[in-house]
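Worksheet: one structure, shown below.
2 protein chains.
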Amino acid sequence: MSESPWKSSTDRRNEREEKRIAVLRTAAQAFNEVGYYNTSLDDIARRLNVTKPTIYYYIKNKEEILFECVRIGLERLDSASNDVIGHGGSAYEELVAVMTAYVGVVTMDFGMCVIRVGEEPLTEESRRTLRALKRRIDLKFRSLIERGVAEGSITACDPKIAAFTLSGALSWIARWYQPDGALDADAVAQQSIALLLNGLRPR
Amino acid sequence: MSESPWKSSTDRRNEREEKRIAVLRTAAQAFNEVGYYNTSLDDIARRLNVTKPTIYYYIKNKEEILFECVRIGLERLDSASNDVIGHGGSAYEELVAVMTAYVGVVTMDFGMCVIRVGEEPLTEESRRTLRALKRRIDLKFRSLIERGVAEGSITACDPKIAAFTLSGALSWIARWYQPDGALDADAVAQQSIALLLNGLRPR
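Just so you know, the protein sequences line up as chains S and U, in that order.
If you read the first sequence in our numbering, its first letter stands for residue 81, the second for the next number, and so on.
If you read the second sequence in our numbering, its first letter stands for residue 81, the second for the next number, and so on.
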């Protein structure tokens, strides 16, 4: 079968989705670097070498961009943990894997945007949607900790405070981590997680 | 000596400073609750039962308010640790005291504003001033950790990553802690710090 010089509708859909993600990713990078309020749609268009009307073909406005960036970041945080939970390890082992995946996401564009920008600029309805996603991620941390405490693989603690303490320490990495800095994300993840697992007090 | 019905200039200065702090504190509370961009000077005036011109007697504009709120928060984080460092304890003991003082500050209005709002909305010059203060606090964490590792009271680790991990976990408390919630700040501090000191892995 010879190839048609016209793209199939599936190809066109995929291409459109790919370009939409490129717009969102570029926006997330700008938000992370200079802040949401300091970034205009013109800035985003300029970074992509396109005109503002081109941007409007993929998204409605700046609020929608932020909503989508944070939503994608949270979905990735959520699915990163789905990939590692329930494979028969101890809760401790699974928690280590979840924490590692979590750092992987918050050191990338969309995940970083969840922490550096967050949902404050959005409408109450959008914020509700995003908060529900956050709660789902938090509850996964909590239930892993609960299971670990019950089976003895995790030290006795209040699972709610422990979950916030862990996700706080790991989320904060998005604030100080520099993608072009001397430390790579894997090294940061490994050392930060080791400290949380072993504690400051020598064993 | 009979009391003069006119206030002394010292009294007047103190009273003015007290009222200025009240304006700043009320603003910090509003920023922490609904966000910086969602708070107007009118909102702040309304919360204080005064008119907007009264507010202008104490501060120039909203940017100055945020700058002062974050500056005061950072000064308190800094001086909280000054009070506990250098009293002859081990670096581990001093670090525990610094961490406890840190949580005390980030769960109060000005300290919470450092974490919840931060310096993004400010000019580059203001941000530089605040970043210098942050660096000073970070270096205190680092040098305590370095000393602790050297003397053996703190487990071997990279002091830079460890300092960020600790301050991240403790700073994050400002994001989720609810001043009117079921847990009081002391309980949160105690449990969160215990986890960081002892680690998730049972001893």
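We put the CB at the ideal spot given by N, CA and C, even for glycine.
Three-way DSSP call (helix, strand, coil) for residue i in this model
i      : result
S:T235 : coil
U:Q270 : helix
U:S223 : helix
S:K87  : coil
U:M188 : coil
S:D122 : helix
S:Y117 : coil
S:K142 : helix
U:V130 : coil
U:T106 : helix
U:R283 : coil
U:I165 : coil
S:S159 : helix
U:T203 : coil
S:A262 : coil
S:G228 : helix
U:S170 : coil
S:V194 : helix
U:Y137 : helix
U:Y257 : coil
CB contact below 8 Å: residue i versus chain U
i      : result
S:A249 : yes
S:R281 : yes
S:E143 : no
S:T180 : no
S:S272 : yes
S:E200 : yes
S:A242 : yes
S:E115 : For the record, residue 115 of chain S in the displayed sequence is Gly; it is not Glu. Chain U contact via Cβ: present.
S:V185 : no
S:L275 : yes
S:I124 : no
S:I253 : yes
S:T203 : no
Beta-carbon proximity of residue i to residue j, cut-off 8 Å
i      : j      : result
S:G153 : S:F111 : no
U:Y117 : S:P201 : yes
U:A125 : U:M192 : no
S:S272 : S:L250 : yes
S:A171 : S:R215 : no
S:L280 : U:I101 : no
U:L128 : U:K142 : no
S:L210 : S:R156 : no
S:L175 : S:I135 : no
U:G248 : S:G248 : yes
U:I165 : U:L104 : no
U:W252 : S:F244 : yes
S:A108 : S:C149 : yes
S:P282 : U:G169 : no
S:S88  : S:F147 : no
U:T203 : U:Y257 : no
Contact with chain S by residue i, beta-carbon distance below 8 Å
i      : result
U:D238 : yes
U:W86  : no
U:N278 : yes
U:A108 : no
U:V268 : yes
U:G168 : no
U:G191 : no
U:I234 : yes
U:T245 : yes
U:Y172 : yes
Below 8 Å, how does it come out for the stretch 214-222 of chain S and the stretch 156-166 of chain S: are there three or more Cβ pairs, yes or no? yes
Problem set entry | Stretch pair the stretch 257-269 of chain U + the stretch 183-192 of chain U: three plus CB contacts closer than 8 Å | yes
Indicate whether the contact test is met: 3 or more Cβ pairs, each with one atom in the stretch 229-245 of chain S and one in the stretch 226-240 of chain U, closer than 8 Å. no
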